[in-house]
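Inspection log for the structure reproduced underneath, given as structure tokens.
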Amino acid sequence: MDNSNKEIELYIHIPFCVKKCNYCDFLSFAPDTFTNDLLTKEMYVNALCSELEFKSRIYGNNTVTSIFIGGGTPS
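The sequence shown begins at 396 in this note's numbering and counts up by one.
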């Protein structure tokens, strides 16, 4: 993989929604489909941080020009 200095964009998905929309194809969870507690969300944030650290070793020479945070109910 060419990991020379390039401009890249970063997308961070937040899978916790108020409700699961019937048209949504993204991985997402409404409160009735998971344990809606801080531990679940803390575990997700910890996993996200680990993934970012791992990916930074691969893409570390690149410049992140924008960060998109998505997920959740669009309204």
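All residues carry an ideal CB built from backbone N, CA and C; glycine is no exception.
TODO: With SER451 as the anchor, note down where its alpha helix (DSSP H) starts and where it stops.
DONE: Its alpha helix (DSSP H) spans residues 433–454.
TODO: Please report the residue range of the beta strand (DSSP E) in which ILE409 lies.
DONE: Per DSSP, ILE409 belongs to no beta strand (DSSP E) and is neither H nor E.
Open item on the list: Taking the alpha-carbon of LYS412 as reference, which of LEU405, ASP427, TYR406 and CYS444 has the nearest alpha-carbon?
Closed with: Checking the sequence shown, residue 412 turns out to be Cys, not Lys. Ranking LEU405, ASP427, TYR406 and CYS444 by CA distance to the CA of CYS412 puts ASP427 first.
Task: Other residues of its chain near LYS401: CB distance less than 6 angstroms, five sequence neighbours each side excluded - done: Contacts found: ASN457.
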